[in-house]
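Enquirer: First the structure, then my questions, so here it is.
Residue numbers (UniProt numbering): 1 to 120.
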C-alpha cells in the first residue's frame, strides 16, 4: 500500500484463475510487532491480516489500486506461528476474501473494492 507499512510475511500464490486467487501466507515470527502484541501470547495484528488480503490481490493483479475497504471482520485470533490461507473471489471491482488458519478455521472476512491503475 503506497505510503503504508509492508509486512515481512511471505505470500505464495497457489492458484490464480479468472475469478479466484488462493495464497498461502507465512507470517514472519521475527516481525517486531509481535514483541508488543501481546507479550507472552503473540497475536497477529488485524492490520496484518487485512494487508495479507491486499497483497494477495495485488500480487495476482499488480495494476489494481485499493479504493475502499467495505468490510473487515475478525472472527478468531491468529498467532505468530499460524500459516494462513487467503482465498479471494472476484466480483467485478469487489474482492471478497476469507482468511483461514492452516487447520481450516476462518479467522477473518474481508471485502475490498479496487480500480484499475494501469494507464491506457
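Cβ coordinates follow ideal geometry from the N, Cα and C atoms, glycine included. Values in this document were obtained by computation on a predicted structure and should not be read as measured data.
Does the beta-carbon of residue 10 have 16 or more other beta-carbons within 10 angstroms, so that it is buried, or is it exposed?
Expert: Exposed, since its Cβ has fewer than 16 Cβ neighbours within 10 Å.
Enquirer: Got a sec? Which residues, its chain only, sit under 6 Å from residue 51 by beta carbon, not counting five neighbours each side?
Expert: So the qualifying residues of the chain are 7.
Enquirer: From residue 17 to residue 37, what does the alpha carbon distance come to, in whole angstroms?
Expert: Looking at the two C-alpha atoms, the distance is approximately 36 Å.
Enquirer: Can you give me the C-alpha to C-alpha distance between residue 92 and residue 57, rounded to a whole angstrom?
Expert: Each residue's Cα considered, the two are about 13 Å apart.
Enquirer: Alpha carbon to alpha carbon, how far is residue 87 from residue 22?
Expert: Taking the straight line joining both Cα atoms gives about 5 Å.
Enquirer: To the nearest angstrom, how far is the alpha carbon of residue 101 from that of residue 85?
Expert: Cα to Cα, residue 101 sits roughly 6 Å from residue 85.
Enquirer: State the Cα-Cα distance for the pair residue 97 and residue 110, rounded to the nearest angstrom.
Expert: When rounded, the distance between both Cα atoms is 5 Å.
Enquirer: Whole angstroms is fine: what's the gap from residue 20's alpha carbon to residue 39's?
Expert: Straight-line Cα distance between these residues: approximately 36 Å.
Enquirer: The alpha helix (DSSP H) spanning residue 48 covers which residue range?
Expert: Residues 46-60.
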